[in-house]
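One structure is given below, encoded as structure tokens.
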Amino acid sequence: MHNLAVNLERSAALFSDKIAVRMADTVFTFEQLDKLAANVAQHLVSLGLGPGDKVALSCPNIPYFPIAYYGILKAGCVVVPMNVLFKPREIAYHLNDSDAKAYLCFDGTEELPMGTFGQEGFRHAEGCEHFVSMPGNDSSAHSLQAWLSEASKPFEAVSRQGDDTAVILYTSGTTGQPKGAELSHTNMITNAMASQNLMRLEYSDTTMAALPLFHSFGQTVMMNASILTGATVVLVPRFEPASVIEQIIEHRVTVFAGVPTMYIALQRASEACFEKSEKVRQSLRLGISGGASLPVEVLRQFEATFGLPVLEGYGLSETAPVATFNHIDSDRLPGSVGQPLCGHMIKIVDLAGNSVPTGERGEVCIKSPSVMKGYYNRPEATEETFIDGWFKSGDIGYLDEHSNLFIVDRVKDMILRGGYNVYPREIEEVMVCHPAIEMVAVVGEPHERLGEEIHAHVLLKQDADVVEETEIIAWCKEQLADYKYPRRVIIRNSFPMTATGKILKRDLHPSKNGDA
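Sequential numbering of the sequence shown, starting at 1, is according to UniProt numbering.
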């Protein structure tokens, strides 16, 4: 039995009355969560769905997500989580590309009418047969509310093989159409177990899912690891720094995971109230950062404010997602994303695919039990992504003599200026140390003579003195080699962000000044 949903069934048997998920004052015990997931599974089976059938899911971080997620898995089906910000055209693409037969979609709000967008996308999907509204109402053909209101009947998770697909996670599509990474039950289970071990999660812990659950980071590291452990997970539908701090205090959250922009926002929010920062200190024992590189200066400031270690990890959707991690019980190297997980191997290769010496930069390649089966229905893309069984990450990095991995940048983000390789992250690490700069993103722009030129987009701190672009450039020139410092600085009011809180560099252009 390799069904990922068995983790929920086990915790329901061991910790039946323990709170499994909480959203504000709404709580569900492990037993309740398992029974509701069983209702979902029974209705999917009654619709004619079974092992291997794809079921799409659009839902924010509310209890319906884990209920539907584990219900789909219980039925032996494959979960296809979708970004909650998708518009109808994008929804139709993902339904078609994944061959989804059913689509569970949250009704949404006036601000984000997910149900309206979902129904329109569903109508343009060729093979998707069933639309299930969440929660839905009496007028819905299929309503999750109606499914969950029925008396629960025992439903054991359908037996699956370890290599059977459990989840299809779509890549962001920054270089073309999004591709679906097929992750098996073994992929997902082993990564949840590894996450549990790395965080030293225990029954007594309370974690916080502020990261979207449709994304691999929040899904595996927070939700699946917590359900496996018997820990309570606090769901945050929308990340708002002041509210997150309040909830950490109120619910005595012990483990928080986020992307760098979240840590920057929490640091800023804490500056308004020292007393709350002290209460957070008394609750949180651990912070986890991933999804993008955490600037060393941000790491130091956050740890100084809240008095807890923030451990960086590294991975991708294709690796379920964690591949390397800094360990709680060993010394950390600021700037490193840690060492390979147990059973994971990392190597650095050159353009020809040959391993490079220790300390030399190249593409990060990964081999592990958490690496995906491949891209769904894309054999050529899958073949291009693997070399002799090693997954090519598309990230540039290097290993030190103790196998600590350092990520330099994305291959596609590297700037080639006048024949020199320039890595945006290196410049960003320096610029974030400027006393007036809160956030920075460095991009390359076409240049007739040099090939590419370096441009930096910056967000200033709220209390920063007025500073001109030319002043920042002059400061950078003092800190960086001549071929590295940005020739243009664009001061912005905000950054375009993905739903997971990453800066969307592809939307940054010199002509876009101010709000994107």
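Positions of the beta carbon are idealized from the N, C-alpha and C atoms, including for glycine. Note that the structure is a prediction, hence the values are computed from the model and not measured.
Over what stretch of residues does the alpha helix (DSSP H) that includes residue i continue unbroken?
i	result
Pro260	Pro260 to Ser270
Gly115	Met114 to Arg123
Thr186	His185 to Met199
Val432	Careful: Val432 lies outside any alpha helix (DSSP H) and carries neither H nor E.
Ala92	Pro88 to Ser98
Ala352	Run containing Ala352: none; DSSP gives neither H nor E here.
Leu144	Leu144 to Ser149
Lys74	Tyr64 to Lys74
Arg22	Careful: Arg22 lies outside any alpha helix (DSSP H), inside the beta strand (DSSP E) at Ile19 to Met23.
Glu471	Glu469 to Gln479
Leu8	Val6 to Leu14
Ala292	Taken as a continuous stretch (DSSP letters only), Ala292 belongs to no alpha helix (DSSP H), as it is neither H nor E.
Gln282	Phe274 to Ser283
Ala381	Pro379 to Thr385
Which whole-angstrom value describes the C-beta separation of residue i and residue j, a residue pair presumed to lie in contact below a C-beta threshold of 8 Å?
i	j	result
Tyr203	Thr229	7 Å
Lys412	Gly394	7 Å
Phe256	Leu284	6 Å
Ile407	Ser293	6 Å
Gly121	His2	Wrong, their Cβ atoms sit about 32 Å apart, outside the cutoff.
Met82	Ala56	6 Å
His124	Pro88	7 Å
Within its chain, find whatever has a CB closer than 6 Å to the CB of residue i; leave out the 5 residues flanking it on each side and keep chain order.
i	result
His276	In the sequence on display, residue 276 carries Lys and not His. Answer for Lys276: Ile245, listed in chain order.
Ser216	Leu169, Ser317 and Pro321
Ala352	none
Gln145	Pro135 and Gly136
Glu31	Ala12 and Ser16
Tyr64	Met134
Gln196	Ala225, Leu228 and Thr229
Arg332	Asn326
Gly464	Checking the sequence shown, residue 464 turns out to be Ala, not Gly. Result list for Ala464: Ala436, in chain order.
Leu450	Arg417 and Gly418
Gly290	Phe217 and Gly313
Ser140	Ser133
Val27	Ile19
Asn187	Ala320 and Ser370
Met208	Val234, Val253 and Phe256
Val443	His455, Lys505 and Leu508
Hey, quick one: how far does the beta strand (DSSP E) through residue i stretch, first residue to last?
i	result
Lys367	Gly362 to Lys367
Pro446	Ile437 to His447
Arg487	Premise fails: Arg487 is in no beta strand (DSSP E) and is neither H nor E.
His43	It is not in any beta strand (DSSP E) - His43 instead sits in the alpha helix (DSSP H) that spans Phe30 to Ser46.
Tyr314	Val310 to Gly315
Phe131	His130 to Met134
Lys461	First-last for Lys461: undefined, no H or E at that position.
Thr165	Thr165 to Tyr170
Can you list, in chain order, the residues of its chain with a C-beta nearer than 8 Å to that of residue i? Leave out the 5 residues immediately preceding and following it.
i	result
Met497	Thr261, Ile503 and Leu504
Thr116	Gly108
Arg410	Gly394, Asp395 and Ile396
Arg487	Glu453, Ile454, His455 and Ile473
What residues in its chain sit with their C-beta under 7 Å from that of residue i, if we drop five residues either side in the sequence?
i	result
Gly359	Tyr398 and Asp400
Lys512	Confidence at Lys512 is low in this model, with a pLDDT of 42, below 50, so its placement is unreliable and no value can be given for it.
His447	Glu453
Thr174	Reliability of the predicted coordinates at Thr174 is poor, the pLDDT of 46 falling under 50, and the value obtained from them is presented with this limitation in mind. Taken in chain order, the residues that qualify are Arg506.
Glu445	Glu452, Glu453, His455 and Pro510
Thr382	Gly374 and Tyr375
Quick one: what's residue i bridged to in DSSP?
i	result
Thr232	Thr206
Ala56	Val80 and Tyr103
Asn421	Leu416
Lys347	Cys365
Met497	Ile503
Gln339	Phe325
Thr26	Met23
Asp395	Arg410
Ile248	Bridge partners of Ile248: none, in fact.
Ile427	According to DSSP, which records beta bridges pairwise, Ile427 is partnered with nothing at all.
Glu453	Glu445
Gly108	According to DSSP, which records beta bridges pairwise, Gly108 is partnered with nothing at all.
Gly374	Glu182
Leu49	Answer by DSSP bridge pairing: none, since Leu49 is not bridged.
Phe256	Met208 and Gly287
For chain C, is any of its Cβ atoms less than 7 Å away from the one on residue i?
i	result
Asp331	Although the question refers to chain C, the structure presented lacks it and comprises just one protein chain.
Under 8 Å: do the region 101-109 and the region 52-67 share three or more Cβ pairs, one atom per stretch? Using a C-beta cut-off of 8 Å, the region 101-109 makes contact with the region 52-67, since at least three inter-stretch Cβ pairs fall below that distance.
Are there three or more Cβ pairs, one per stretch, closer than 8 Å when the region 471-482 is compared with the region 428-440? Result yes; three or more Cβ-Cβ pairs closer than 8 Å.
For the structure I just gave you, are there three or more beta carbon pairs, one from the region 298-309 and one from the region 342-349, closer than 8 Å? no
Cβ contact check for the region 120-135 and the region 84-102: 3 or more pairs under 8 Å: yes
Taking contact to mean at least 3 C-beta pairs separated by less than 8 Å, is the region 230-241 in contact with the region 33-53? no
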